[in-house]
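Structure, as structure tokens:
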Amino acid sequence: MAIIETKGLTYTYPGGTKTSIRDVSLTIERGEFVILTGPSGCGKTTLCRCFNGLIPHFYVGQLDGELSVAGLKVTEHPIYEMAQRVGLVFQNPENQLFALSVEKDVAFGLENLGVPRDDIRKRVDWALQTTGIEELRERAPHELSGGQQQRVAIACVLAMQPGIMIFDEPTSFLDPLGAKKIFEVINELNKKLGVTVILVEHRLDLASRYADHVIIMDNGKIVLNGKPKEVFNSETARLIGVGIPKATRLCQMLQENGVRLGGVPTSSDEATQLLREVLKA
Amino acid sequence: MIEVRDVYFTYPTGVEALKGVSLSIRNGEFVAIMGQNGAGKTTLVKQFNGLLKPTKGAVLVDGVNTRDISIAQLARKVGFVFQNPDHQLFSETVEEEVAFALRNFGFRQATIERRITWALNLLGLTEYRKTSPFMLSGGERKRVALASVLAWNPKVVILDEPTIGQDYQQKETLRQFIVQLNAQGKTVVIVTHDVEFVAECNPRLVLMAQGQIVADGDTKRILTNPDVALRASIVPPQITQIFHGLADLGLPTDVIDVSEAKKILIEYFEEERGKR
Chain G
1 MAIIETKGLT
11 YTYPGGTKTS
21 IRDVSLTIER
31 GEFVILTGPS
41 GCGKTTLCRC
51 FNGLIPHFYV
61 GQLDGELSVA
71 GLKVTEHPIY
81 EMAQRVGLVF
91 QNPENQLFAL
101 SVEKDVAFGL
111 ENLGVPRDDI
121 RKRVDWALQT
131 TGIEELRERA
141 PHELSGGQQQ
151 RVAIACVLAM
161 QPGIMIFDEP
171 TSFLDPLGAK
181 KIFEVINELN
191 KKLGVTVILV
201 EHRLDLASRY
211 ADHVIIMDNG
221 KIVLNGKPKE
231 VFNSETARLI
241 GVGIPKATRL
251 CQMLQENGVR
261 LGGVPTSSDE
271 ATQLLREVLK
281 A
Chain L
1 MIEVRDVYFT
11 YPTGVEALKG
21 VSLSIRNGEF
31 VAIMGQNGAG
41 KTTLVKQFNG
51 LLKPTKGAVL
61 VDGVNTRDIS
71 IAQLARKVGF
81 VFQNPDHQLF
91 SETVEEEVAF
101 ALRNFGFRQA
111 TIERRITWAL
121 NLLGLTEYRK
131 TSPFMLSGGE
141 RKRVALASVL
151 AWNPKVVILD
161 EPTIGQDYQQ
171 KETLRQFIVQ
181 LNAQGKTVVI
191 VTHDVEFVAE
201 CNPRLVLMAQ
211 GQIVADGDTK
221 RILTNPDVAL
231 RASIVPPQIT
241 QIFHGLADLG
251 LPTDVIDVSE
261 AKKILIEYFE
271 EERGKR
């Protein structure tokens, strides 16, 4: 069942001279793990702002087309209603954190929704545990490193337990192991709790293995939309300069040189497996 | 160019961020500093431009102790591009942003004009000259911050997480750009988590963990050593992971580059075919 549906969505920021997204039509099914990628400035972040109602309620501008999220017409429901259904982790965690302690920041959204105190405590504990920052509970978010702040920002959204979670380059500030751990957390939310995940990401090497749907945008439009293997293996993806996973690229280069592989890998494990099959044959 | 002598640094909060770091960076070198969050990477590079002074030990830049020189004088030599461009940008237009430091350093108006045009062109920002930095995307703001530093032509350029928010093509541009700066004799130091970017750049790699340097040298040697990488929370490049997975077939394990990987595998196939 579709949880997000847009038809001909077009948007221009107030005072903007250029449309940021143009004629975007897409369907995202409930429970999907979607990677949204494309060159810088292609409209990824703008599209995500439509999904949680920041556009058109906060960024007014000119919005045309149809937009339905979690069964609601976004234009007709205020941000606080959308926020209970769509959680957004911003690119820059500092834009999101403001409380005097990590715990308070994570509890803030729940307090606003009037969640009972005991439930708040449980959900905050769970969110801190899941993101591995329990020991930071009493610390001030602004004192933390970029990576730690990003985990706090993710915990804030986790605690709200929305049906859809959007992550805008959530691991930019994290070291690779930390990034891997966050992707695993996101994957767990997706697979175990059935949360629909939209991940905006440039670093595809670490994230691709978790996705079951990839959307590539360029210049405000959707240019590729489908299964990861099909999308990453497409010539278009390479030509518009999306950093397709190196494992995929290596196997493409081998195919060009006449090496026949049994499939298209998106992770190193898959590539190792496929190469092993051919090397042993 | 930069000489770090047994430096210790403790923040006022009591956090001991550097515990006996010694490092020597020669003029014209390209160095990448990697390591887990909180390892002390940013603290270390902030010593290079005097934003932080050692609690113990000394840092010499171009032969001068950072304690004996003002941050303003040091800034002329050591340009610092922050992790988060919003800490750096404040002007109403991109052009003004780039002009700001140039005016402070007392450049002539004609020179300022020329430098702005040069820097914006270099970073593909010419069309945004009259735009407010805050109208731009995260990746674009990052490039404005870089342009504003390059414009005054410092000898050392420090880039804290330059690839954040940059797409693949911009990273490639950035890589070529660093190579170009290097060729002009500039010393470039980057702090990054981006393993794939480092694998493509192949700089001298300094790995940090818990306030100390745990490895220093050739990128390929360090990134393909799983024990060292793990100590610094590094996940080896995908290509390296693939070759580690195929090690039992007699393939090398020290591969980081996709073209090199292709070459090795094609040769392997041809050899196998020849045997039959």
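If you're matching them up, the sequences are chains G and L in order. Just so you know, we're using my numbering here: the first sequence kicks off at 1 and counts up by one. Just so you know, we're using my numbering here: the second sequence kicks off at 1 and counts up by one. Cβ atoms here follow ideal geometry from the backbone N, Cα and C, with glycine treated the same way.
| query | result |
| --- | --- |
| Pick out whichever of L:ALA209, L:LYS155 and L:GLY211 has its Cα sitting closest to the Cα of L:THR187. | L:LYS155 |
| Which residue from L:GLN83, L:PHE134 and L:GLU200 puts its Cα closest to that of L:LEU146? | L:GLN83 |
| Can you give the Cα-Cα distance for G:ASP212 and G:LYS229, rounded to whole angstroms? | 9 Å |
| At which residue ranges does the region 181 to 250 of chain G contain complete beta strand (DSSP E) runs of 3 or more residues, listed in the order of the chain? | 196 to 200, 213 to 218 and 221 to 226 |
| With a CB to CB cut of under 6 Å and the five nearest residues on each side skipped, what residues in its chain are close to G:GLN62? | THR12 |
| Taking 8 Å as the threshold, find out whether the region 173 to 185 of chain G comes into contact with the region 213 to 229 of chain G through three or more Cβ pairs. | no |
| Counting only runs of 3+ residues fully inside the region 8 to 87 of chain L, write out the beta strand (DSSP E) ranges in chain order. | 16 to 25, 30 to 35, 56 to 61 and 78 to 81 |
| Is the separation between the beta-carbon of G:ILE133 and that of G:VAL152 shorter than 9 Å? | yes |
| DSSP state of L:VAL258, grouped into three classes? | helix |
| Using a Cβ-Cβ cut-off of 8 Å (strictly less than) and excluding sequence neighbours within five positions of L:LEU136, which residues of its own chain qualify? | VAL94, TYR128 and VAL144 |
| Step through the CB atoms of chain L and report whether any lies within less than 9 Å of the CB of G:LEU199. | no |
| Kindly indicate which residue of L:THR42, L:THR13 and L:ALA99 has the alpha-carbon position closest to the one of L:ALA209. | L:THR42 |
| Within 10 angstroms of its Cβ, does G:TYR210 collect 16 or more other Cβ (buried), or is it exposed? | buried |
| Classify G:THR17 as helix, strand or coil using the three-state DSSP reduction. | coil |
| With 8 Å as the limit, tell me which residues of the region 207 to 224 of chain G have their beta carbon closer than that to any beta carbon of chain L; keep them in chain order. | none |
| Going by the DSSP bridge assignment, what does G:THR6 pair with across the sheet? | G:LEU26 and G:LEU67 |
| Can you tell me where the beta strand (DSSP E) holding L:ARG108 begins and where it ends? | No beta strand (DSSP E) holds L:ARG108; DSSP gives it neither H nor E. |
| Hey, would you say G:GLY163 sits closer than 9 Å to G:VAL86, going by beta carbons? | yes |
| Count the other CB atoms, across all protein chains shown, that sit within 10 Å of the CB of G:LYS7; report buried if there are 16 or more and exposed otherwise. | exposed |
| If you measure beta-carbon to beta-carbon, which residues of the region 157 to 179 of chain L are closer than 9 Å to chain G? | GLU161, THR163, ILE164, GLY165, GLN166, ASP167, TYR168, GLN169, GLN170, LYS171 and GLU172 |
| So with Cβ pairs under 9 Å, would you call G:LYS122 a contact of chain L? | no |
| Can you find a CB in chain L that lies within less than 9 Å of the CB of G:LYS246? | yes |
| Beta-carbon within less than 7 Å of G:ARG22's beta-carbon, same chain only, minus the 5 sequence neighbours each way: which residues are those? | THR10, GLY220 and LYS221 |
| Can you give me the start and stop residues for the beta strand (DSSP E) that L:VAL214 sits inside? | 212 to 218 |
| Which whole-angstrom value describes the C-beta separation of G:ILE4 and G:PHE33, a residue pair presumed to lie in contact below a C-beta threshold of 8 Å? | That belief does not hold up - the Cβ atoms of G:ILE4 and G:PHE33 are roughly 13 Å apart, past 8 Å. |
| Determine whether the beta carbon atoms of G:LYS246 and L:GLU196 lie at a separation below 9 Å. | yes |
| Chain G partners of L:LEU262, CB-CB under 8 Å? | Reading the sequence as shown, one finds Lys at residue 262 of chain L and not Leu. Simply LEU250, MET253, LEU254 and ASN257. |
| Using a C-beta to C-beta distance shorter than 7 Å, which residues of chain G count as neighbours of L:PHE269? | VAL259 |
| Residues of chain L with a CB under 8 Å from the CB of G:LEU128: which are they? | Here the premise fails: no neighbours, minimum Cβ distance about 17 Å. |
| Leaving out five residues before and five after G:VAL89 in sequence, what residues of the same chain have Cβ atoms less than 6 Å from its Cβ? | ALA153, ILE154, VAL157, PHE167 and PRO170 |
| Assign L:LYS275 to one of two classes, buried (16 or more other C-beta atoms within 10 Å of its C-beta) or exposed (fewer than that). | exposed |
| When the Cα of G:LYS227 is compared with those of G:MET217, G:SER208, G:VAL242 and G:GLY262, which residue comes out closest? | G:SER208 |
| Are L:ILE2 and L:SER24 closer than 9 Å when you measure CB to CB? | yes |
| Looking only at DSSP bridge pairs, what is L:ASP227 linked to? | For L:ASP227, which the question treats as bridged, DSSP gives no partner whatsoever. |
| Output the distance between the C-alpha atoms of G:CYS42 and L:GLY57, rounded to the nearest integer angstrom. | 47 Å |
| Closest by CA to G:GLY244, which one among G:GLY38, G:LYS18 and G:LEU67? | Strictly speaking, residue 244 of chain G in this sequence is Ile, with Gly absent from that position. Of G:GLY38, G:LYS18 and G:LEU67, the residue nearest in Cα terms is G:GLY38. |
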